[in-house]
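Numbering (my numbering), first residue to last: 117 to 428.
A virtual CB, placed ideally from N, CA and C, is assigned to each residue, including glycine.
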Amino acid sequence: MPELPEVETVRRGLEPAMLGERFARVALRRPNLRFPLPERFTERLTGRRIEALSRRAKYLIADLDDGEALVMHLGMSGRFIVEAPGTKPTEPGAYYNEIGRHLIHDHVVFEMGTGARVTYNDVRRFGFMDLVPRAELATSKHFAGMGIEPLGNELSGETLAKLFAGKFAPLKAALLDQRLVAGLGNIYVCEALFRAGLHPEAEAGTIATPTGRPREKAHELARIIREVLEEAVAAGGSTLRDFAHADGSLGYFQHRFKVYDREGEPCVTPGCGKLVKRLVQSGRSTFYCESCQPDARRPGFSGAAARGIPAS
Numbered sequence: 117m118p119e120l121p122e123v124e125t126v127r128r129g130l131e132p133a134m135l136g137e138r139f140a141r142v143a144l145r146r147p148n149l150r151f152p153l154p155e156r157f158t159e160r161l162t163g164r165r166i167e168a169l170s171r172r173a174k175y176l177i178a179d180l181d182d183g184e185a186l187v188m189h190l191g192m193s194g195r196f197i198v199e200a201p202g203t204k205p206t207e208p209g210a211y212y213n214e215i216g217r218h219l220i221h222d223h224v225v226f227e228m229g230t231g232a233r234v235t236y237n238d239v240r241r242f243g244f245m246d247l248v249p250r251a252e253l254a255t256s257k258h259f260a261g262m263g264i265e266p267l268g269n270e271l272s273g274e275t276l277a278k279l280f281a282g283k284f285a286p287l288k289a290a291l292l293d294q295r296l297v298a299g300l301g302n303i304y305v306c307e308a309l310f311r312a313g314l315h316p317e318a319e320a321g322t323i324a325t326p327t328g329r330p331r332e333k334a335h336e337l338a339r340i341i342r343e344v345l346e347e348a349v350a351a352g353g354s355t356l357r358d359f360a361h362a363d364g365s366l367g368y369f370q371h372r373f374k375v376y377d378r379e380g381e382p383c384v385t386p387g388c389g390k391l392v393k394r395l396v397q398s399g400r401s402t403f404y405c406e407s408c409q410p411d412a413r414r415p416g417f418s419g420a421a422a423r424g425i426p427a428s
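The structure is reproduced here in structure tokens:
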């Protein structure tokens with residue numbers, strides 16, 4: 117599933133073709149994605165101008181000039197493809213993607229006023245689109261109760277400590293709880309916990325005092341989460357299975373993974389020598405180093421950050 121850096125990469129790829137432009141034509145190849153598309157979807161979009169294109173967690177939001185917002189979620193395999201004016205999908209050079217593109221999975225086509233074509237392609241159809249009044253976005257079913265934005269100003273050691281204080285849930289599970297921190301996914305949580313030297317099964321409350329004040333690890337974790345996400349965005353995200361950019365190119369942050377999907381490989385921390393391990397938490401694979409991320413309930417806590425692992 118595309119995570120926050122991948123969605124932010126897609127947003128940046130869509131901006132040149134969509135921001136400030138009008139929908140000249142909207143073509144639907146089917147009436148539904150994961151859920152039925154909104155009533156009168158094509159009529160409500162045609163002629164509307166996109167005033168802003170933003171991201172909230174793993175959602176894309178296009179603010180329209182009539183007061184509505186087009187909310188889009190990529191699901192597991194959704195992607196947008198931008199084609200220059202006058203090209204056809206089958207023309208050489210119009211589209212490049214090592215993953216491959218099947219036109220039968222092109223479900224929604226936006227033709228912009230410039231002639232550019234923006235196509236939503238989704239093999240599994242777990243993505244969805246909705247139209248919501250802009251004034252009601254925060255209280256809509258998509259965003260009501262959503263946690264802080266990890267790339268926003270809200271993320272800090274103080275905030276994490278307040279959110280996690282007294283929680284016995286595993287630290288990884290707490291970071292993946294969208295009601296606490298919105299937009300973090302499995303890949304980047306694994307990477308952040310490794311860099312911070314925190315065991316994924318440690319209790320979330322261990323980064324805070326009983327009164328909710330941040331311990332040093334809370335500040336470190338907040339800094340590292342931002343660091344990992346910013347590095348991933350700069351690298352264009354991670355290309356795993358279905359993800360590609362809006363122009364069809366591929367991200368390369370997966371080549372910088374330190375633990376994710378590296379089970380059985382040597383830890384990258386100088387002098388460590390241990391092999392990366394995998395465990396399953398809530399049905400998801402967690403990758404970690406038992407030496408650099410010792411269980412905080414056991415003696416010998418040190419952590420990867422203290423052992424000088426390189427940031428990238």
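Please go through the same chain and pick out, in chain order, the residues whose beta-carbon is closer than 7 Å to the beta-carbon of residue i, but skip the five residues on each side of it.
i           : result
residue 390 : 383, 405, 406, 407
residue 328 : 277, 278, 281
residue 272 : 338
residue 250 : 179, 183, 184, 185
residue 375 : 306, 307, 310, 392, 403, 404, 405
residue 130 : 169, 196, 198, 234, 362
residue 401 : 394
residue 201 : 230, 231, 232
Rounding to the nearest angstrom, what Cα-Cα distance links residue i and residue j in this structure?
i           : j           : result
residue 333 : residue 180 : 42 Å
residue 356 : residue 346 : Below a pLDDT of 50, predicted positions are generally treated as unreliable, and residue 356, at 41, falls in that range; the measurement from the model is reported next regardless. In a straight line, the C-alpha of residue 356 is about 18 Å away from that of residue 346.
residue 392 : residue 165 : 49 Å
residue 132 : residue 386 : 43 Å
residue 395 : residue 253 : 37 Å
residue 339 : residue 145 : 44 Å
residue 134 : residue 302 : 30 Å
residue 311 : residue 161 : 44 Å
residue 206 : residue 260 : Residue placement at residue 206 is flagged as unreliable, the pLDDT there being 49, under the threshold of 50; a coordinate-derived value is accordingly withheld.
residue 409 : residue 190 : 32 Å
residue 294 : residue 232 : 35 Å
residue 269 : residue 342 : 10 Å
residue 378 : residue 388 : 15 Å
residue 290 : residue 141 : 43 Å
residue 213 : residue 322 : Reliability fails at residue 213, whose pLDDT of 42 lies under 50, so the model's placement of it is uncertain and the value that follows must be treated cautiously. Roughly 44 Å between the two C-alpha positions.
residue 255 : residue 262 : 10 Å
For residue i, count neighbouring Cβ atoms within 10 angstroms of its own Cβ and tell me buried if that reaches 16, exposed if not.
i           : result
residue 182 : exposed
residue 174 : buried
residue 220 : exposed
residue 194 : buried
residue 308 : buried
residue 143 : exposed
residue 155 : exposed
residue 168 : exposed
residue 299 : buried
residue 151 : exposed
residue 359 : Residue confidence is low: residue 359 scores 38 on pLDDT, short of 50, so the model does not pin down where it sits. Its coordinate-derived value is still stated next. With 16 or more other Cβ atoms within 10 Å, it is buried.
For residue i, does the three-state DSSP call read helix, strand or coil?
i           : result
residue 304 : helix
residue 192 : coil
residue 290 : helix
residue 125 : helix
residue 400 : strand
residue 283 : coil
residue 198 : strand
residue 223 : strand
residue 319 : strand
residue 364 : Note that residue 364 scores a pLDDT of 49, beneath 50, so its modelled location is shaky; the value from the coordinates is reported in the next line. Three-state DSSP puts residue 364 in coil, outside helix and strand.
residue 349 : helix
residue 254 : coil
residue 310 : helix
residue 296 : coil
residue 158 : helix
residue 393 : strand
residue 372 : helix
residue 184 : strand
residue 411 : coil
residue 132 : helix
residue 239 : coil
Could you tell me how far apart the beta carbons of residue i and residue j are, in whole angstroms, since I believe they sit closer than 8 Å?
i           : j           : result
residue 288 : residue 316 : 4 Å
residue 149 : residue 244 : 5 Å
residue 236 : residue 119 : Actually they do not touch by this definition, with Cβ atoms about 19 Å apart.
residue 137 : residue 229 : 5 Å
residue 121 : residue 349 : 5 Å
residue 265 : residue 172 : 7 Å
residue 192 : residue 240 : 5 Å
residue 372 : residue 351 : 7 Å
Residues in the same chain with beta-carbon distance under 6 Å from residue i, minus the five sequence neighbours each way, listed in chain order, please.
i           : result
residue 258 : 187
residue 344 : 304, 307, 308
residue 319 : 284
residue 380 : 391
residue 248 : 185, 187, 256
From the beta carbon of residue i, is the nearest beta carbon of chain C less than 9 Å away?
i           : result
residue 236 : You won't find chain C in this structure, because it holds only one protein chain.
Give every residue of the same chain whose Cβ lies closer than 8 Å to the Cβ of residue i, excluding the five residues on either side of it in the sequence, and list them in chain order.
i           : result
residue 397 : 286, 288, 289, 316, 317
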